[in-house]
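Okay, so here's the structure we're looking at.
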Ligand SMILES: O=c1ccn([C@@H]2O[C@H](COP(=O)(O)OP(=O)(O)O[C@H]3O[C@H](CO)[C@@H](O)[C@H](O)[C@H]3O)[C@@H](O)[C@H]2O)c(=O)[nH]1
């Protein structure tokens with residue numbers, strides 16, 4: 001298969017870049033060559049992204065990163081989608097100068113490119129990588145159809161349950177992403193166009209596994225989400241997670257090991273609640289930081305909490321209640337801005353995870369077999385909350401997240417419930433069982449493995465030739 005170059009184009013933000021880099025590594029293991037295009041968006045926090053790329057490049061020299069230069073902006077406050085659109089000519093240039101590219105895998109936010117690429121080179125297969133759940137894919141694929149059925153915006157429907165074929169339970173309209181809550185907005189219109197386009201690709205790669213989301217995958221396969229249309233094949237090859245950028249943190253005794261991991265070494269097995277709210281937002285106002293601190297203190301539980309303020313470095317002394325550090329010494333650790341989350345979740349001392357429900361966080365928790373408390377914040381996270389709480393039943397909802405301020409007693413009660421109650425114990429056992437199903441999917445003969453075989457076959461032979469030999473998909477993350 002050597003010589004086949006797969007070009008990956010992720011959104012250069014951790015939650016999108018990280019899984020696509022992992023996908024690239026899986027392709028490398030199948031004998032394909034891989035180039036990852038990087039287009040930085042000036043408004044993102046690019047420092048951790050650059051250091052992540054440096055670490056990954058050093059550990060995987062065969063993975064080639066190619067940086068596209070930033071196009072000059074033509075609008076005042078560009079979104080990364082505007083920014084990307086302006087860079088499409090650079091993507092075309094790259095592809096026309098690299099005739100060895102045999103397939104292109106685009107982040108699903110870069111749907112605009114497909115029309116241009118199809119015109120430029122109709123023989124180049126173009127796939128999308130869908131960085132969130134298959135259940136969300138089912139819902140979004142149906143959106144262009146629902147649009148014709150509904151006459152009002154989600155924002156005007158309050159808690160009215162909205163049914164999407166394949167989404168395991170109805171979604172309260174309030175829980176649809178804010179970006180698409182107003183049907184007259186540009187963002188909403190572009191999402192309708194986006195999910196009209198995805199089915200026309202050569203395939204959609206989903207970071208999930210079949211045993212986790214059977215209803216969504218069955219509905220998509222039966223055409224219920226795209227009635228009357230041809231639908232691209234779905235390859236469900238996850239959970240793809242990684243500890244990259246964290247590798248040096250793992251080994252006990254390593255000088256560069258993150259201090260949160262060393263601290264966890266001294267905690268009893270399964271005793272610590274980990275709180276972390278993603279890589280893009282997750283910044284709380286001071287009032288919320290105070291409520292969390294008081295709740296954790298009163299809960300009596302052990303905790304490891306990654307605090308994000310509006311600036312990269314929070315003055316912890318100034319924002320935490322006076323004497324908090326002293327009073328929780330030994331049983332609580334507060335980390336500023338960033339901790340190696342996947343490694344933390346994989347540490348035996350961690351027993352629960354309070355999360356913003358970013359899909360990578362959910363998958364990392366599943367891979368670690370850790371139950372969650374769902375505190376969704378933005379993007380599609382409230383939809384993920386519906387799935388994790390109501391369908392998978394490996395998360396419990398943090399009350400109060402809808403009110404804009406979660407109160408200290410809510411934090412206290414929920415954390416205690418997860419760690420001490422029999423209901424919490426059952427949920428933790430369920431999470432451990434889901435981990436085993438995820439692992440089975442990634443092993444030779446498992447569903448994600450088989451989907452990877454099909455995908456590699458489709459990427460490299462365009463439907464002809466032998467069934468490719470594929471290495472199992474398990475990485476070091478699985479321990
Ligand atoms: O202190 C931190 C914070 C984050 N992470 C890592 O950063 C990634 C975060 O990804 P995710 O949980 O998906 O959250 P976001 O970065 O917020 O991801 C965006 O992209 C996801 C995939 O589309 C969506 O599900 C989210 O809603 C959206 O906010 C994960 O790998 C974490 O391990 C760390 O290692 N340490």
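In full-length UniProt numbering, the protein residues as written are 1 to 479. C-beta atoms are modelled at their ideal positions from N, C-alpha and C, and glycine is treated no differently.
Is residue i a contact residue of ligand 1, with contact defined as CB to any heavy atom under 7 Å?
| i | result |
| --- | --- |
| residue 306 | yes |
| residue 369 | no |
| residue 18 | yes |
| residue 236 | no |
| residue 381 | yes |
| residue 132 | yes |
| residue 309 | no |
| residue 341 | yes |
| residue 135 | no |
| residue 361 | yes |
| residue 326 | no |
| residue 120 | no |
| residue 364 | yes |
| residue 14 | yes |
| residue 479 | no |
| residue 338 | yes |
| residue 279 | yes |
Assuming residue i is part of the alpha helix (DSSP H), what are its boundary residues?
| i | result |
| --- | --- |
| residue 12 | Counting along the chain, residue 12 falls outside any alpha helix (DSSP H), and DSSP gives it neither H nor E. |
| residue 213 | Where residue 213 is concerned, there is no enclosing alpha helix (DSSP H), given that its DSSP letter is neither H nor E. |
| residue 66 | Looking at the DSSP string, residue 66 is not in any alpha helix (DSSP H); the run it does join, the beta strand (DSSP E), is 64-67. |
| residue 236 | From DSSP, residue 236 is part of no alpha helix (DSSP H) but of the beta strand (DSSP E) over 234-236. |
| residue 52 | 46-59 |
| residue 185 | First-last for residue 185: undefined, no H or E at that position. |
| residue 82 | 80-86 |
Compute the Euclidean distance between the alpha carbons of residue i and residue j, then round it to the nearest angstrom.
| i | j | result |
| --- | --- | --- |
| residue 442 | residue 474 | 6 Å |
| residue 140 | residue 121 | 28 Å |
| residue 270 | residue 57 | 34 Å |
| residue 353 | residue 397 | 12 Å |
| residue 377 | residue 177 | 10 Å |
| residue 179 | residue 117 | 27 Å |
| residue 93 | residue 39 | 14 Å |
| residue 335 | residue 306 | 5 Å |
| residue 291 | residue 189 | 38 Å |
| residue 420 | residue 168 | 29 Å |
| residue 332 | residue 355 | 17 Å |
| residue 469 | residue 137 | 29 Å |
| residue 425 | residue 418 | 7 Å |
| residue 344 | residue 30 | 29 Å |
Let me know if residue i comes out buried or exposed under the rule of 16 or more other beta-carbons within 10 Å of its beta-carbon.
| i | result |
| --- | --- |
| residue 186 | exposed |
| residue 96 | exposed |
| residue 125 | buried |
| residue 151 | exposed |
| residue 171 | buried |
| residue 26 | buried |
| residue 259 | exposed |
| residue 347 | buried |
| residue 83 | buried |
| residue 163 | exposed |
| residue 98 | exposed |
| residue 241 | buried |
| residue 328 | buried |
| residue 50 | exposed |
| residue 405 | exposed |
In this structure, does DSSP put residue i in helix, strand or coil?
| i | result |
| --- | --- |
| residue 199 | helix |
| residue 145 | helix |
| residue 409 | helix |
| residue 467 | coil |
| residue 315 | coil |
| residue 336 | strand |
| residue 33 | strand |
| residue 395 | strand |
| residue 252 | In this prediction, residue 252 has a pLDDT of 49, which is less than 50 and means its spatial position is unreliable; nothing more can be read from the coordinates. |
| residue 226 | coil |
| residue 240 | coil |
| residue 285 | coil |
| residue 19 | helix |
| residue 71 | coil |
| residue 150 | coil |
Can you tell me where the beta strand (DSSP E) with residue i in it begins and where it stops?
| i | result |
| --- | --- |
| residue 373 | 372-374 |
| residue 127 | 126-130 |
| residue 305 | 302-307 |
| residue 102 | 101-107 |
| residue 274 | 272-276 |
| residue 354 | 350-355 |
Any heavy atom of ligand 2 closer than 7 Å to the beta-carbon of residue i?
| i | result |
| --- | --- |
| residue 224 | Summarising the ligand content, the structure contains ligand 1 and does not contain ligand 2. |
Does residue i get closer than 8 Å to chain D when you measure Cβ to Cβ?
| i | result |
| --- | --- |
| residue 337 | Absent here is chain D; the protein component of the structure consists of one chain. |
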